[in-house]
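The structure under discussion appears below in the form of structure tokens.
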Amino acid sequence: MKKFSIAVLPGDGIGPEIVGEAAKVLKTAGEKFGAEFVLNEALVGGASIDANGVPLTDKVLDLALKSDAVLLGAVGGPRWEGLDYSIRPERALLALRKELGLFANLRPARIYRELIDASTLKPEVIDGVDLMVVRELTGGLYFGTPKGVETLPDGTERGVNTMVYTTPEIERIAKVGFEVARKRRKRLLSVDKANVLETTELWRKVVIKVGKDYQDVELSHMYVDNCAMQLVRNPKQFDVIVTENTFGDILSDEASMLTGSIGMLPSASIGSTKNRAMYEPIHGSAPDIAGKGIANPIATILSVAMMLKYSFEMEEASNLIENAVESVLSKGFRTADISKPGMKTSSCAEMGAAVLAELK
Ligand code: IPM
Ligand code: MG
14 MKKFSIAVLP GDGIGPEIVG EAAKVLKTAG EKFGAEFVLN EALVGGASID ANGVPLTDKV
74 LDLALKSDAV LLGAVGGPRW EGLDYSIRPE RALLALRKEL GLFANLRPAR IYRELIDAST
134 LKPEVIDGVD LMVVRELTGG LYFGTPKGVE TLPDGTERGV NTMVYTTPEI ERIAKVGFEV
194 ARKRRKRLLS VDKANVLETT ELWRKVVIKV GKDYQDVELS HMYVDNCAMQ LVRNPKQFDV
254 IVTENTFGDI LSDEASMLTG SIGMLPSASI GSTKNRAMYE PIHGSAPDIA GKGIANPIAT
314 ILSVAMMLKY SFEMEEASNL IENAVESVLS KGFRTADISK PGMKTSSCAE MGAAVLAELK
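Per this note's numbering, the very first residue in the sequence shown carries number 14; after that it's consecutive.
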């Protein structure tokens, strides 16, 4: 039997609730398909700050580096907001991405027919939406230097962040974009702000160059402001979107709402080292509903499906989880975020159990 070790990092807020449900799904999928998943749980984010004074200990980083994959819940919360940036919960996530070399973040947004009226957009606008944001994850505005806040001699404070990309960084993310597009509808949109930002002018140039090796994929370009507008105007036009770290952060949140709830979107963060990948829902720790048992575990469960597909080549198991999710939705199971008046609302645990039952 194949044996894989998974670092399970629930984090803060609703993290432990949703990861708890997703972990059961992972175990069950393993049992069904002849793989043993050994889950090693550890603290990250605010939970680690409270226990160890830092959001990510060397020990936990080491665990992540040695594991076959990482499953993460969410980090952060109002409790830790006053802390210095360098030790905020979010740093754990950024450090994991950086140290594991996870430069590509895949964020699929697809509509479930059953949830079409959970979206705030008109059904005819969103019916059939199926897109993937490929977000660069270890560069750009998030990591560029110089960065920080300084106090000038006259007492004025000055804050700086820098959007930086080198040619190799753009090349490798562009390749991921083209490869993903090749397996889908063969259309890649590169999103930049090349009319204003020099970094992204370079981005466009390099993407075009990489595209010469992918003649079968149709490449187009869009400015990020226009893309944000087009996503709500006519989202069906998109297949794969490849973009800078911050742009991808923003556009993927926007894309998630096409599907009805941010509680539905999984993600995979991958790099060039096999056995190094992290899977997490795109939503945050939702401190306002933490501990109430009402969070939607589907994004995390679908992240497990992505793990099986991308890290362990267990395509069949992955599809089975996706189908199980679809089927519980069609049976009428709804957590609060996707429910509507008159419908029975399930708790996080009930939704998890329903998916599990379907899987079995
Ligand atoms: C995300 C989140 C993170 C990010 C935060 C929690 C650091 O918003 O994964 O999209 O900004 O990347
Ligand atoms: Mg985000």
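All residues carry an ideal CB built from backbone N, CA and C; glycine is no exception.
Quick caveat: nothing in here was measured; it's all calculated off a predicted structure.
Going by beta carbons, Arg200 and Asp252 fall inside the 9 Å limit.
One thing to note: Ile351 has its Cβ no nearer than 9 Å to the Cβ of Asn288. The alpha-carbon separation between Val223 and Ala194 amounts to approximately 13 Å. Distances from the CB of Gly297 to the heavy atoms of ligand 1 include at least one below 8 Å. Counting every other CB atom within 10 Å of its CB across the protein chains shown gives Ser233 a total below 16, marking it as exposed. Beta-bridge partners of Thr164 (DSSP): Glu170. The stretch 40 to 96 contains, as complete beta strand (DSSP E) runs of 3+ residues, the segments 48 to 54, 82 to 87 (chain order). DSSP lists Phe50 as the bridge partner or partners of Phe17. When DSSP assignments are scanned along the stretch 146 to 228, the uninterrupted stretches of beta strand (DSSP E) that are 3 or more residues long and fall wholly within it turn out to be 157 to 164, 170 to 175, 200 to 205. The C-alpha of Val317 is placed about 39 Å away from the C-alpha of Asn208.
By the C-beta criterion, the stretch 71 to 91 is judged to be in contact with the stretch 18 to 30, since at least 3 inter-stretch pairs fall below 8 Å. A straight line joining the alpha-carbon of Gly33 with that of Gly297 spans about 16 Å. Between Arg92 and Pro68, the beta carbon gap of about 12 Å keeps them out of contact (Cβ cut-off 8 Å).
Looking at Ala366, Leu271, Ile334, the one whose alpha-carbon comes closest to that of Ala122 is Leu271.
Taking Arg217 as the centre and dropping the five residues before and after it, the same chain places the C-beta of Ser203, Asp205, Ala207, His234 closer than 8 Å to its C-beta, in chain order.
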